[in-house]
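Colleague: Take this structure first; my questions come after.
2 protein chains.
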Amino acid sequence: MSEDRWLDNRRIASSVTLTDVAREAGVGESTVSRVLRNHGSFSEKTRERVQSAVDRLGYVPNKIAGALASTGSNLVAIIIPSLANIVFPDVLRGAQNALMTAGFQSVIGITDYDQNQEETLIESMFAWRPAGLLIAGLEHSERAVTMMRASGVRIAELLDTDGTGIDHVVGFSSREAGRVSARYLLARGYRRIGYVGHDLNRDRRAAKRLAGFLEILAEAGIKLYDREIIDAASSIEKGRAGLERLLSRCPKLDAVYFSNDDMAMGGYFLCLGRGIAIPDRLALFGYNGLDVGQCAPQPLTTIRTPRVLIGECGAKLVCSDGPSQLIDVGFELMQGATA
Amino acid sequence: MSEDRWLDNRRIASSVTLTDVAREAGVGESTVSRVLRNHGSFSEKTRERVQSAVDRLGYVPNKIAGALASTGSNLVAIIIPSLANIVFPDVLRGAQNALMTAGFQSVIGITDYDQNQEETLIESMFAWRPAGLLIAGLEHSERAVTMMRASGVRIAELLDTDGTGIDHVVGFSSREAGRVSARYLLARGYRRIGYVGHDLNRDRRAAKRLAGFLEILAEAGIKLYDREIIDAASSIEKGRAGLERLLSRCPKLDAVYFSNDDMAMGGYFLCLGRGIAIPDRLALFGYNGLDVGQCAPQPLTTIRTPRVLIGECGAKLVCSDGPSQLIDVGFELMQGATA
DNA sequence: TTGAAAGCGCTAACAC
DNA sequence: GTGTTAGCGCTTTCAA
Chain A
1 MSEDRWLDNR RIASSVTLTD VAREAGVGES TVSRVLRNHG SFSEKTRERV
51 QSAVDRLGYV PNKIAGALAS TGSNLVAIII PSLANIVFPD VLRGAQNALM
101 TAGFQSVIGI TDYDQNQEET LIESMFAWRP AGLLIAGLEH SERAVTMMRA
151 SGVRIAELLD TDGTGIDHVV GFSSREAGRV SARYLLARGY RRIGYVGHDL
201 NRDRRAAKRL AGFLEILAEA GIKLYDREII DAASSIEKGR AGLERLLSRC
251 PKLDAVYFSN DDMAMGGYFL CLGRGIAIPD RLALFGYNGL DVGQCAPQPL
301 TTIRTPRVLI GECGAKLVCS DGPSQLIDVG FELMQGATA
Chain B
1 MSEDRWLDNR RIASSVTLTD VAREAGVGES TVSRVLRNHG SFSEKTRERV
51 QSAVDRLGYV PNKIAGALAS TGSNLVAIII PSLANIVFPD VLRGAQNALM
101 TAGFQSVIGI TDYDQNQEET LIESMFAWRP AGLLIAGLEH SERAVTMMRA
151 SGVRIAELLD TDGTGIDHVV GFSSREAGRV SARYLLARGY RRIGYVGHDL
201 NRDRRAAKRL AGFLEILAEA GIKLYDREII DAASSIEKGR AGLERLLSRC
251 PKLDAVYFSN DDMAMGGYFL CLGRGIAIPD RLALFGYNGL DVGQCAPQPL
301 TTIRTPRVLI GECGAKLVCS DGPSQLIDVG FELMQGATA
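Residue numbers (UniProt numbering), protein chains in the order written: chain A, 1 to 339; chain B, 1 to 339.
Below is the structure:
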């Protein structure tokens with residue numbers, strides 16, 4: 001250990017340095033560095049001596065120093081709104097998977113759907129000079145956009161293609177998902193259609209879906225029968241409560257469009273409990289294509305979104321250089337038994 | 001910008017340094033550092049000049065350099081087996097929340113339930129000299145334990161208390177959860193009890209629950225009627241398939257203990273679809289206390305685990321110094337309508 | 001209250 | 001194939 005370090009109790013264990021290894025192995029520092037990174041040339045004999053010194057000392061390279069010296073880290077920043085909505089763990093999973101494979105590590109931040117928080121996070125992540133940034137959505141504060149542009153860091157904006165991106169964009173059109181849902185319900189003959197949703201000010205993509213949905217209804221000369229918006233994050237319980245309230249106001253509804261599958265499952269459970277016949281008495285339409293909906297006795301009619309794939313694609317783009325890309329991964333309408 | 005940097009196109013934008021700020025503000029580097037960290041003394045006038053220079057230049061402090069100089073980062077490593085099982089996003093959520101509040105950033109790693117992978121991750125995270133490490137479970141490879149011990153990094157092992165920890169431990173006894181479940185079913189009079197579970201070699205805590213469950217059955221002189229183990233991660237679909245197979249072998253079962261709520265929901269859906277009366281014809285018992293189970297027409301009888309809390313506690317412990325603690329957060333049996 | 005200077009542990013020329 | 005040396009951008013004494 002570097003002499004004076006013996007005095008510092010707290011850090012003895014973790015402060016074996018490359019210099020120590022070099023001394024132990026009886027070679028120069030740069031030689032150790034070369035061997036460890038397997039870069040440049042050295043003899044087999046040297047590699048063995050270094051390796052054995054590393055093992056003997058229990059040396060763990062200090063990436064902080066490494067990153068500073070080589071101006072570049074293997075960190076990739078990921079910024080998402082929440083972990084409570086399954087969408088984001090799924091995206092994260094795809095991203096993590098691709099990143100680890102490529103030798104990157106992810107630093108994550110949660111905005112709680114708050115643009116100020118997002119701004120703060122971007123700044124503090126950039127302070128680590130990440131190799132890339134994956135971020136949910138296309139809507140950011142002006143300052144956030146400026147920072148991202150100025151950073152020189154590769155960016156991938158995920159989950160949405162309705163708008164303009166900064167660098168890479170991977171997702172699909174939420175508006176179009178809403179449109180497709182509306183066309184489907186209309187084609188099946190439903191006319192007294194209600195909506196049960198959650199906090200649209202925060203979940204911008206849910207708002208876009210509803211906008212697309214209403215657009216098609218309007219084209220068909222139909223207006224939404226009624227809507228029930230819950231001022232909270234989406235959940236099964238909120239979906240149940242929302243539909244309950246909506247039905248008590250409008251018993252004549254023949255179909256309900258939900259802001260996502262969680263909400264729709266709540267509605268489904270309500271109907272099951274009350275003996276409301278699905279889809280004859282009431283049709284239900286969700287969004288996301290979650291397992292829970294697909295395994296129910298009557299699979300939920302919904303739209304499946306390739307969340308894991310989006311994370312993967314974004315991660316790959318950000319790790320490789322090349323021109324900015326816009327990748328529309330699409331979505332798929334799953335005809336179940338609820339609409 | 002530092003003169004020679006003008007030549008390096010790729011990094012112009014992000015390479016305003018503290019030196020640049022000092023020059024722009026007409027003060028010394030250490031003064032800028034003090035102002036930025038709000039530490040040490042400086043005049044109000046100076047703070048304004050520095051702040052304005054920072055804004056003008058769009059300076060973002062380089063934490064890599066900062067961490068190297070001060071030997072200490074604000075990074076906390078989090079290592080979990082998976083993101084596909086809701087348990088871990090929940091733990092992560094709790095941890096993230098506490099960490100951000102305390103000014104830390106989290107670097108996450110996924111082991112995919114693989115101890116070698118875990119070992120590799122621990123090593124590469126330690127290379128960033130994190131302030132702490134949150135890791136799921138108490139079972140690690142020998143080398144992993146050695147590295148954790150030697151690192152000097154504060155560790156919190158989460159979700160399990162059945163075993164010996166390295167530093168802090170936050171969780172509850174999985175064995176005891178299994179025992180409580182068995183006692184409950186026995187007390188309700190069930191005797192022909194089956195088990196439907198997922199890959200126990202990988203999910204050690206599920207294995208411990210089953211062990212506790214069997215222990216109580218054995219004490220009562222009862223043996224498990226039959227079991228169906230699916231060699232895959234838990235999911236609603238696998239739960240359904242598992243129960244289906246089990247029932248075809250043992251139509252006389254009167255209760256089934258599932259490895260978790262996902263699996264149990266699959267079983268629940270199977271019964272719903274087949275018109276199997278719950279709990280009279282067949283009782284179902286889960287684990288985790290997920291929303292989906294609690295919102296079903298017949299709430300699932302299960303054990304609620306304080307996942308978010310565990311993440312929070314672990315994070316707080318790791319960020320503050322103090323003696324190693326063992327915190328048993330307990331769990332709660334939720335009597336639903338399925339058993 | 002402020003500045004100068006010596007590192008933090010590593011990488012990357014550049015000699016040899 | 002290997003060692004020497006000059007930084008990377010910051011924090012931290014220590015004087016002034």
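Backbone N, C-alpha and C fix where the C-beta goes; we use that ideal spot for every residue, glycine too.
Given the structure is predicted, the values throughout are model-derived calculations rather than measurements.
Against cysteine 295 of chain B, what residues of chain A qualify as contacts under a CB-to-CB distance less than 7 Å, listed in chain order?
Modeller: Ile236, Glu237, Arg240, Gly266, Phe269
Colleague: Reducing DSSP to helix, strand and coil, say where glycine 158 of chain A ends up.
Modeller: This sequence places leucine at residue 158 of chain A; glycine is not what is there. Strand at leucine 158 of chain A.
Colleague: Identify, in the order they occur along the chain, each residue of the same chain with its Cβ nearer than 8 Å to the Cβ of glutamate 215 of chain A, setting aside the five sequence neighbours on each side.
Modeller: Arg175, Gly178, Arg179, Ala182
Colleague: Please report the residue range of the beta strand (DSSP E) in which alanine 220 of chain A lies.
Modeller: Where alanine 220 of chain A is concerned, there is no enclosing beta strand (DSSP E), given that its DSSP letter is neither H nor E.
Colleague: Taking 7 Å as the limit between beta carbons, can you name the residues of its chain near alanine 13 of chain A, skipping five residues before and five after?
Modeller: Note that alanine 13 of chain A scores a pLDDT of 45, beneath 50, so its modelled location is shaky and nothing firm can be said.
Colleague: Given a cut-off of 7 Å on the beta-carbon distance, is the pair isoleucine 64 of chain B and leucine 121 of chain A in contact?
Modeller: no
Colleague: Using 7 Å as the threshold, is the C-beta distance between leucine 284 of chain B and valine 256 of chain B below it?
Modeller: Yes, they are a contact pair.
Colleague: Please state the DSSP three-state secondary structure of asparagine 85 of chain A.
Modeller: Correct three-state label for asparagine 85 of chain A: coil.
Colleague: Find the residues of chain A that neighbour valine 292 of chain B, judging by a C-beta separation of less than 8 Å, and give them in chain order.
Modeller: Those are Ile236, Met265, Val292, listed as they occur along chain A.
Colleague: Would you list, in chain order, the members of the region 127-138 of chain A that have their beta-carbon closer than 8 Å to a beta-carbon of chain B?
Modeller: Ala127, Trp128, Arg129
Colleague: Please give me, in chain order, every unbroken run of the alpha helix (DSSP H) with length at least 4 that falls completely inside the region 171-213 of chain A.
Modeller: 174-187
Colleague: Within 10 angstroms of the Cβ of glutamine 19 of chain A, are there 16 or more other Cβ atoms? Answer buried if so, exposed if not.
Modeller: Correcting the residue identity first, residue 19 of chain A is threonine in this sequence and not glutamine. Under this definition threonine 19 of chain A is an exposed residue.
Colleague: Applying a beta-carbon distance threshold of less than 7 Å, which residues of chain A neighbour glycine 58 of chain B?
Modeller: Ala150
Colleague: For the beta strand (DSSP E) holding serine 106 of chain B, just list the boundary residues, first then last.
Modeller: 105-110
Colleague: Should glutamine 96 of chain A go down as buried or exposed, given a rule of 16 or more other Cβ atoms within 10 Å for buried?
Modeller: buried
Colleague: Do the region 294-301 of chain A and the region 264-281 of chain A meet, that is, are 3 or more Cβ pairs less than 8 Å apart?
Modeller: yes
Colleague: Does arginine 205 of chain A have its Cβ less than 7 Å from a Cβ in chain B?
Modeller: no
Colleague: Return yes when the Cβ of arginine 154 of chain B is within less than 7 Å of the Cβ of valine 329 of chain B, no when it is not.
Modeller: no
Colleague: Could one say the Cβ of arginine 49 of chain B lies closer than 7 Å to chain A's Cβ atoms, at least one of them?
Modeller: no
Colleague: Please classify lysine 223 of chain A: is it buried, with 16 or more other beta-carbons within 10 angstroms of its beta-carbon, or exposed?
Modeller: exposed
Colleague: In whole angstroms, what separates the C-alpha of tyrosine 195 of chain B from that of tyrosine 268 of chain B?
Modeller: 14 Å
Colleague: Could you tell me whether the Cβ of leucine 309 of chain B comes closer than 7 Å to any Cβ of chain A?
Modeller: no
Colleague: Given valine 308 of chain A, which residues of its chain have a CB within under 6 Å of its CB, disregarding the five upstream and five downstream residues?
Modeller: Asp90, Arg93, Gly94
Colleague: What separation, rounded to the nearest whole angstrom, lies between the Cα atoms of valine 240 of chain B and alanine 296 of chain A?
Modeller: Just to set this straight, residue 240 of chain B is arginine in the shown sequence, not valine. Taking the straight line from one Cα to the other gives about 10 Å.
Colleague: First and last residue of the beta strand (DSSP E) that includes residue 392 of chain A?
Modeller: Since the first residue shown for chain A is 1 and the last is 339, residue 392 of chain A is missing from the structure and cannot be characterised.
Colleague: Could you please tell me which residues of the UniProt domain "HTH lacI-type" (16-70) of chain B, in chain order, have their CB closer than 7 Å to any CB of chain A?
Modeller: Gly58, Val60, Pro61, Asn62, Lys63, Ile64, Ala65, Ala67, Leu68
Colleague: Rounding to the nearest angstrom, what Cα-Cα distance links aspartate 321 of chain B and serine 33 of chain B in this structure?
Modeller: 26 Å
Colleague: In the structure shown, what three-state DSSP assignment does asparagine 288 of chain B receive?
Modeller: strand
Colleague: Under 7 Å between the Cβ atoms of leucine 75 of chain B and glutamine 117 of chain B?
Modeller: no
Colleague: Mind checking who tyrosine 257 of chain A pairs with in its DSSP beta bridge?
Modeller: A:Tyr195, A:Phe285
Colleague: Excluding the five sequence neighbours on either side, which residues of its own chain have a C-beta within less than 7 Å of the C-beta of alanine 220 of chain A, listed in chain order?
Modeller: Leu186
Colleague: Output, in sequence order along the chain, the residues in the region 93-111 of chain A whose CB is closer than 8 Å to any CB in chain B.
Modeller: Hits within the stretch, in order: Arg93, Gln96, Asn97, Met100, Gln105, Ser106, Val107, Ile108, Gly109, Ile110.
Colleague: Kindly list the residues whose CB is nearer than 6 Å to the CB of asparagine 288 of chain B, restricted to its own chain and excluding five residues on each side of it in sequence; keep chain order.
Modeller: Asn260, Asp261, Thr305
Colleague: Give every residue of the same chain whose Cβ lies closer than 6 Å to the Cβ of arginine 11 of chain B, excluding the five residues on either side of it in the sequence, and list them in chain order.
Modeller: Any reading at arginine 11 of chain B must be qualified, since the residue scores a pLDDT of 37, below 50, and its modelled position is unreliable; no value is offered.
Colleague: Taking the Cβ atom as the reference point for each residue, do threonine 161 of chain B and serine 151 of chain B lie within a distance shorter than 7 Å?
Modeller: No.
Colleague: What is the DSSP secondary structure of valine 329 of chain B, reduced to helix, strand or coil?
Modeller: coil
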